[in-house]
Each structure stands twice: as C-alpha cells, then as structure tokens.
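Here the working numbering is used: the first residue of the sequence shown is 15, the next is one more, and so on. Every residue, glycine too, gets a C-beta built ideally from N, C-alpha and C.
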Amino acid sequence: MSFATIISSLAHVKTGRLRALAVTPGKRAPALPHIPALSKAGVDLVVMNWYGLIAPAGTSKSVINRISVQTAKAMKLPDVRKRLVAEGSEAVGSSPQDFSAHIRAERERWSKVIQQAEIRGR
15 MSFATIISSL AHVKTGRLRA LAVTPGKRAP ALPHIPALSK AGVDLVVMNW YGLIAPAGTS
75 KSVINRISVQ TAKAMKLPDV RKRLVAEGSE AVGSSPQDFS AHIRAERERW SKVIQQAEIR
135 GR
C-alpha cells in the first residue's frame with residue numbers, strides 16, 4: 015500500500031497496474047470519479063496537492079492583478095480544464111488574497127503536524 019499523488023499514479027490506475035482505493039482531497043476527484051474519498055470511509059484525512067503562481071516581494075498590485083485575471087481566464091478555457099483533469103489535476107483558481115490565505119493556512123497546518131510528529135531537520 016502506498017499514498018501517491020493522483021498525478022503520479024493516474025496512468026497506472028487507468029492501465030490496471032495499480033488499484034486506487036481512495037483519494038484524499040475530501041471529495042471524489044474528477045480524474046477518478048469512481049474512487050471514493052478517504053474521508054467518506056471515516057478516515058479524518060484530507061490532503062490535496064496545490065499549485066499557484068507566486069510573484070517576488072514588492073511586485074506591484076497592478077501586475078499581480080493582471081496576472082491573476084489572465085490566469086483565471088485561462089483556467090476557465092474548456093481545453094485547459096479538460097487537459098488538467100486528464101492529467102489528474104483540477105482547475106480551482108482564486109484571488110491573490112485567497113491564495114495568500116491558503117498558503118498561510120497550509121503553513122500553519124503542516125507546522126503543527128511537524129511539531130506533533132517531532133520531526134527534526136538534520
């Protein structure tokens with residue numbers, strides 16, 4: 015048994031080389047709609063991979079907003095959405111403020127996990 019990302023395992027699941035038992039995003043994944051979410055089996059584990067665009071500190075708000083608007087437009091294109099799902103991803107999109115809040119929440123969440131598990135650096 016292994017925990018693997020949908021992106022890294024999707025091709026193997028589709029060809030039958032691997033059998034997916036559950037997904038961890040908390041809901042069914044568009045790329046594997048027949049596979050239940052682990053949380054639906056009573057396991058309190060919700061983990062998602064995420065990607066985003068991050069600009070250097072000091073980048074003007076006008077540039078950030080322009081990039082955000084253009085990225086949001088691209089994420090709504092049917093061909094882009096179809097390609098992302100085919101590769102095991104899902105276009106979500108958010109505002110720069112929402113994404114900043116998400117990053118802060120993820121840092122806080124995983125910092126607690128690291129502390130509770132007593133994980134130490136070398």
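{"Item": "Under 9 Å, do I78 and A43 count as touching if we go by C-beta distance?", "Value": "no"}
{"Item": "With a threshold of 6 Å on Cβ separation, who are the neighbours of H26 within its own chain once the five nearest residues in sequence on each side are excluded?", "Value": "L32"}
{"Item": "Once DSSP output is grouped into helix, strand and coil, what is the label at V37?", "Value": "strand"}
{"Item": "Would a C-beta distance cut-off of 9 Å place S109 and S82 closer than the cut-off?", "Value": "yes"}
{"Item": "Tell me which residue opens and which closes the alpha helix (DSSP H) that F113 is part of.", "Value": "110–130"}
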